[in-house]
Amino acid sequence: MDEPGLQYPGEALRGWLRQFAKTPLAEPTLKLLVVLADTVFFASLGREEGEATRVRIAYHAQGLQGLQAVRETVYIGGQKGKRQAWETLPLEAKSSITDFSVEALVKLAPAANLPRTAVVVGPREGKLRIQGLARRVEYTEFHAEGEEDVFILHAPEPGHLVVSTQGREVFRYEQGAPVPPGRRVALHDLLFHEDSAVRAALMEMCSSLVESLPKVQPLMGGNREWYVSNAVQGLIRRMAGLHHGGLIAFLPKQHDVERFRARGKYVLPPEQGSLLRQRLQRFVQARADLINGAWQAEAGKAAEEEEDPELKKAAAEHDDKATESDFQALVESIGQFTAVDNALVLGPELEVLCAGYQIALPRSGPPQVFEARTLQGRPGPHYPIHQHGSRHRAAAVFANQHSGAIVFVASQDGPLRCLHRPPGKKKVLLWSLLLTED
Numbered sequence: 001m002d003e004p005g006l007q008y009p010g011e012a013l014r015g016w017l018r019q020f021a022k023t024p025l026a027e028p029t030l031k032l033l034v035v036l037a038d039t040v041f042f043a044s045l046g047r048e049e050g051e052a053t054r055v056r057i058a059y060h061a062q063g064l065q066g067l068q069a070v071r072e073t074v075y076i077g078g079q080k081g082k083r084q085a086w087e088t089l090p091l092e093a094k095s096s097i098t099d100f101s102v103e104a105l106v107k108l109a110p111a112a113n114l115p116r117t118a119v120v121v122g123p124r125e126g127k128l129r130i131q132g133l134a135r136r137v138e139y140t141e142f143h144a145e146g147e148e149d150v151f152i153l154h155a156p157e158p159g160h161l162v163v164s165t166q167g168r169e170v171f172r173y174e175q176g177a178p179v180p181p182g183r184r185v186a187l188h189d190l191l192f193h194e195d196s197a198v199r200a201a202l203m204e205m206c207s208s209l210v211e212s213l214p215k216v217q218p219l220m221g222g223n224r225e226w227y228v229s230n231a232v233q234g235l236i237r238r239m240a241g242l243h244h245g246g247l248i249a250f251l252p253k254q255h256d257v258e259r260f261r262a263r264g265k266y267v268l269p270p271e272q273g274s275l276l277r278q279r280l281q282r283f284v285q286a287r288a289d290l291i292n293g294a295w296q297a298e299a300g301k302a303a304e305e306e307e308d309p310e311l312k313k314a315a316a317e318h319d320d321k322a323t324e325s326d327f328q329a330l331v332e333s334i335g336q337f338t339a340v341d342n343a344l345v346l347g348p349e350l351e352v353l354c355a356g357y358q359i360a361l362p363r364s365g366p367p368q369v370f371e372a373r374t375l376q377g378r379p380g381p382h383y384p385i386h387q388h389g390s391r392h393r394a395a396a397v398f399a400n401q402h403s404g405a406i407v408f409v410a411s412q413d414g415p416l417r418c419l420h421r422p423p424g425k426k427k428v429l430l431w432s433l434l435l436t437e438d
């Protein structure tokens, strides 16, 4: 770590936050984060039972009690409420077992190897201590009270470090140095932000699906476009979470989808290809019935028919949860196809066409690729796609050959990227992506 140009992760984090943090941090907080960062980093280099250690900690100045005080806004049946944002499991203090050290983290890390789960660290008697485990409930789009005081430090791979707060990555350390700012954009922003060129292309290829969905009050359940973006995000997250590497290609409307079915290795029957779309429609309909208060509109009829309005509300809530669960299960199953070689291909309107689709690489090699400097797709410098393996080159070829297509590619070691050539443009654009806490 003492080679020229290399920094310990803690010192890299200190310099990064001093330069880029929106709100300056006090020196005592910076010192604590330096210790936390270095400890998590070196713990990630350890192995337990022959397996690499995937370390994730949650730090709060008040430790476990601070996490328990974080509250999140939720809407249930159209009503605004609060819920505890972290489910916590405390541990009794025990010398060497709950002392905050590399050895203790390596031993306990497997217990926190679940989505949104972390080892809780906080001060006790003047020293950093392991205080328990905690699991973050799924993030909503609303600000959580007190979340700004929670720092998540995560080592997704040996020698890597990611720091996030409020569900957003604020720092990334790889190969002995911080990743430069502006080089990565959040997957969420790429899929949900109205200024995103990728979101615009996705909505164009799914326009009929969007129109078929019932309207849901936006502040309570997301608009219709939100649900389509959320479905795509689920597929990509599943691919990234497999740590196998994969490729998902979304085709625009002007392409002959049968040609892709014919060349795919694993093909869904045409009548099953629309299953993802159908389950999404059922889920959004159930959500609309619940949030829009369809059960209330029939309350008068219910009284005449001696039906209990509360029973109808409970049935609507049950349908909402059941259809969402069915939809999410299908998203995960389809996303699992990215673990096989070659591409998972989806057509317009989220039609599932095939998996194992081999993208032929031309003798001339992949096309030139350019870094996208903005969500809108402003081209930046040339991106050296040749530095990656065949999967990335295939993604560049596919995006270049099929104008308007959207291609997501994940490396086995974690990095995630999106490639897209906007209709009427000659340049293939590449966005390097980061995942917010899941």
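Under the UniProt record's numbering, think of the first position of the sequence shown as 1, with each following residue one higher. Built from N, CA and C at the ideal position, the CB exists for glycine as well.
Taking the C-alpha atoms as reference points, what is the distance between S411 and L128?
-> 35 Å
Under a three-way DSSP split, which group does K80 fall into?
-> strand
So does the stretch 79–95 actually touch the stretch 18–27, counting three or more Cβ pairs closer than 8 Å?
-> no
For L235, I'd like the list of residues in its chain whose CB is within less than 7 Å of its CB, leaving aside the five on either flank, ordered along the chain.
-> I248, V331, I334, G335
Below 8 Å between beta carbons: does that hold for L416 and L133?
-> no
Is DSSP giving T29 helix, strand or coil here?
-> helix
State the beta-bridge partners of L133 as determined by DSSP.
-> L89, V119
With a 10 Å radius around its C-beta and 16 neighbouring C-beta atoms as the bar for buried, classify G50 as buried or exposed.
-> Label assigned to G50: exposed.
Ordered along the chain, which non-local residues of its own chain (more than five positions away) have a Cβ less than 8 Å from that of K426?
-> none
Where the alpha helix (DSSP H) containing H392 begins and where it ends = 390–401
Buried or exposed: L190, going by 16 or more other Cβ atoms within 10 Å of its Cβ?
-> buried
Is the stretch 359–369 close to the stretch 269–278, with three or more CB pairs under 8 Å?
-> no
Counted within 10 angstroms of its Cβ, other Cβ atoms place N113 as buried (16 or more) or exposed = exposed
Among residues of its own chain, excluding the 5 on either side of P423, which ones have a beta-carbon nearer than 7 Å to its beta-carbon?
-> S403, G404
Pull up the DSSP beta-bridge partners for residue 442, would you.
-> Since the first residue shown for the chain is 1 and the last is 438, residue 442 is missing from the structure and cannot be characterised.
According to DSSP, residues forming a beta bridge with residue 524 = The first residue shown for the chain is 1 and the last is 438, placing residue 524 beyond what the model contains.
Go through its chain and collect everything with a Cβ distance to S212's Cβ below 7 Å, but skip five positions before and after it.
-> Q281
Just checking my contact of A43 with V106 at CB under 8 Å: how many whole Å lie between their CB atoms?
-> 5 Å
Close beta carbons around Q7, own chain, < 6 Å, minus the five adjacent residues each side = none
Does the Cβ of D320 have 16 or more other Cβ atoms within 10 Å, making it buried, or fewer, making it exposed?
-> buried
Excluding sequence positions up to five away, which residues of its chain have a Cβ less than 8 Å from the Cβ of R393?
-> L361, G365, P366, I385, H386
Do L353 and V345 have their CB atoms nearer than 8 Å?
-> Closer than 8 Å, so yes.
Check whether the Cβ atoms of G66 and D195 lie closer than 8 Å to each other.
-> no
Skipping 5 residues on each side, what residues in its chain have a beta carbon closer than 8 Å to that of Y357?
-> A249, F260, R263, G264, K265, N342, A343, L344, V345
Which of the three DSSP states, helix, strand or coil, is assigned to residue 439?
-> Since the first residue of the chain shown is 1 and the last is 438, residue 439 is not available in this structure.
Segment limits, beta strand (DSSP E) that includes T23 = Boundaries cannot be given for T23, as no beta strand (DSSP E) includes it and DSSP labels it neither H nor E.
Expressed to the nearest angstrom, what Euclidean distance is found between the alpha-carbon atoms of L17 and P9?
-> Each residue's alpha carbon lies about 12 Å from the other.
Cα-Cα separation between A201 and D38, rounded to whole angstroms = Rounded to whole angstroms, the separation of the alpha carbons of D38 and A201 is 41 Å.
Reducing DSSP to helix, strand and coil, say where P362 ends up.
-> For P362, the three-state secondary structure derived from DSSP is coil.
How would you label Q68, buried or exposed, when you count the other beta carbons within 10 angstroms and need 16 or more for buried?
-> buried
Sorted by chain position, which residues of the same chain lie with C-beta nearer than 8 Å to A322's C-beta, five sequence neighbours on each side aside?
-> The answer, listed in chain order, is A286.
Could you have a look at T73 and say whether DSSP puts it in helix, strand or coil?
-> strand
Does DSSP put R124 in a helix, in a strand, or in coil?
-> strand
Whole-angstrom C-beta distance between R56 and H160, which should lie under 8 Å | With a Cβ gap of about 12 Å, H160 and R56 do not count as contacting.
What are the residues that DSSP puts in a beta bridge with F151?
-> Here F151 is bridged, per DSSP, to Y59.
C-beta atoms of A144 and R71 nearer than 8 Å | yes
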